[in-house]
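Numbering of the sequence shown is given in the working numbering, commencing with residue 92 and proceeding in unit increments.
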Amino acid sequence: MSIGIDANNNIDPTLKGGGDESVAIGHGAAAGIPPALINNVLVTNTQTTAIGSGADAGTTKGVTSTGATAIGSQAQAQNVQTTALGVSSLAFGANSTALGGSSQALSNNTTAVGQGAIASGTNSIAIGTNAGAGDNVFTLANGAFANANNTAIGTNALAGVAAAGQTNNTAIGFNAAANGVMTTAVGTNSFAAGSNSAAFGAGSSAGGPSGKNDPNTNLPIPFNTSNTTAIGVGAQAGSTADGQNNATALGQAAQANALNATALGQGAVANFAGATAIGQGAIANAINSVAIGQGSIASQPNTVSVGAPGAERRVTNVAAGVNPTDAVNVGQLESALAGGPVVGGGGVTPAAITGLQNQINGLAALTRRFRDESRQGVAAAVAMGSAPMPS
92 MSIGIDANNN IDPTLKGGGD ESVAIGHGAA AGIPPALINN VLVTNTQTTA
142 IGSGADAGTT KGVTSTGATA IGSQAQAQNV QTTALGVSSL AFGANSTALG
192 GSSQALSNNT TAVGQGAIAS GTNSIAIGTN AGAGDNVFTL ANGAFANANN
242 TAIGTNALAG VAAAGQTNNT AIGFNAAANG VMTTAVGTNS FAAGSNSAAF
292 GAGSSAGGPS GKNDPNTNLP IPFNTSNTTA IGVGAQAGST ADGQNNATAL
342 GQAAQANALN ATALGQGAVA NFAGATAIGQ GAIANAINSV AIGQGSIASQ
392 PNTVSVGAPG AERRVTNVAA GVNPTDAVNV GQLESALAGG PVVGGGGVTP
442 AAITGLQNQI NGLAALTRRF RDESRQGVAA AVAMGSAPMP S
């Protein structure tokens, strides 16, 4: 059925617009082409629908477009079971859907929803004004994109567009960007890069941008990191240099920007390898250091701090130490000073040590007495031997 000036459904079997069971409504609208044998393959573009000035559904020769639907001025649906709805919308991949003016669903099983949304990677989803999911071969301008198996939802959201091979990423939120492999960015201006990284919260960053843009795409170049997690508004994990893997930041403005670093709490900072900061404003400022508690500072390597200069804390409920490297509690210290068992057990006390020393001193005195008496006996014998004998 054809309705409209130059609507050419079923007018000429050799031209586009000749598909069986097809409908074309509007000036220059075209729906389907007759079945044809191409390279020994039967191509059928039937049951197509084109509504709108210049709308085009299933007219590409050599491409099976059964069930294609294009609605809107210049809308195009050119593959099997494709749907393009909106002015200049495009649905080119099999089973693809483009909804919104200038929206584009360009690969198989893609969905683009929103003005200017683009979904070009296989199985990708783009939802929102200028949101996108597709290959980085496109000029992004002010839009958003994602590669195969990526999802971008939100105005200007980006998923998997900084380089080839970036798959299985999810970006949700205004200006959210997830560029890498299996990364997730949720929140306005959130950013996740590298592999297996996740950023949740406005302005959060997991494997953040390096501050430099790719000259080919004009997109931020991310740091090479993996397994980083940032949760909280403005949280950062592995966001300042390459190789800051396995970093975790949890809390508003928390920072864990080093290998294996962990920061938990609002404003907590762990920016050295293996450092751990737990508590609001806690700072672990040395390699393998641990800061526990609000405002605690650990500034020396391989140390644990539960306070800060001028804000010291007691550690309570500490069990008695047993091994040489265990901590000693006050009870053990007082017992040792009072003559009780000292650290390490064994029943040795200061009193026992004193008694043993007294015995040693007594034995030494006895030895000296025997020595003196022996000397006196020898002297007496010598004196008797030198005396004149009576005649």
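Just so it is clear, CB atoms sit at the ideal spot from N, CA and C, and this is done for glycine as well.
- For S426, the enclosing alpha helix (DSSP H) has its first and last residue at 421-428.
- Nearest to N336 by C-alpha distance, out of S317, Q327, I322, A364, is S317.
- In this structure, A340 keeps its C-beta atom at 8 Å or more from the C-beta atom of N351.
- With respect to the 8 Å criterion, A161 and A185 are not classified as neighbours on the basis of their beta carbons.
- When the five nearest sequence neighbours on each side are left out, the beta carbons in the same chain lying within less than 6 Å of the beta carbon of N136 are those of G110, G123, I124, G149, S156, in order along the chain.
- Burial is judged here by how many other beta carbons sit within 10 angstroms of a residue's own beta carbon; F461 has fewer than 16 and is exposed.
- Cβ contact annotation for S187 (same chain, cutoff 6 Å, sequence separation greater than five): T173, A196, T201, in chain order.
- Taking every protein chain shown into account, the CB of I451 has fewer than 16 other CB atoms within 10 angstroms, so this residue is exposed.
- Secondary structure at Q167: strand, using DSSP grouped into helix, strand and coil.
- Under the three-state reduction of DSSP output, N136 falls in the strand class.
- According to the DSSP assignment, T242 belongs to the beta strand (DSSP E) that extends over 242-244.
- The alpha carbon of Q391 has as its nearest neighbour, out of N414, T139, A366, the alpha carbon of A366.
- Relative to the Cα of I218, the nearest Cα in the group M273, N287, A243 belongs to A243.
- In this structure, DSSP gives F183 a state outside helix and strand, which the three-state scheme calls coil.
- Straight-line spacing of the CA atoms in A429 and N393 works out to 33 Å.
- Cα atoms of G278 and A267: separation of roughly 6 Å, rounded to the nearest angstrom.
- Between Q346 and Q357 a beta carbon distance of about 11 Å is seen, past the 8 Å cut, so the two are scored as non-contacting.
- T220 and S194 have their alpha carbons spaced roughly 9 Å apart.
- Excluding five sequence positions before and after G384, the CB atoms of its chain that fall closer than 7 Å to its own CB belong to G370, A373, V397, G398, R404, given in chain order.
- Around the Cβ of P306, a 10 Å sphere holds fewer than 16 other Cβ atoms; the residue is exposed.
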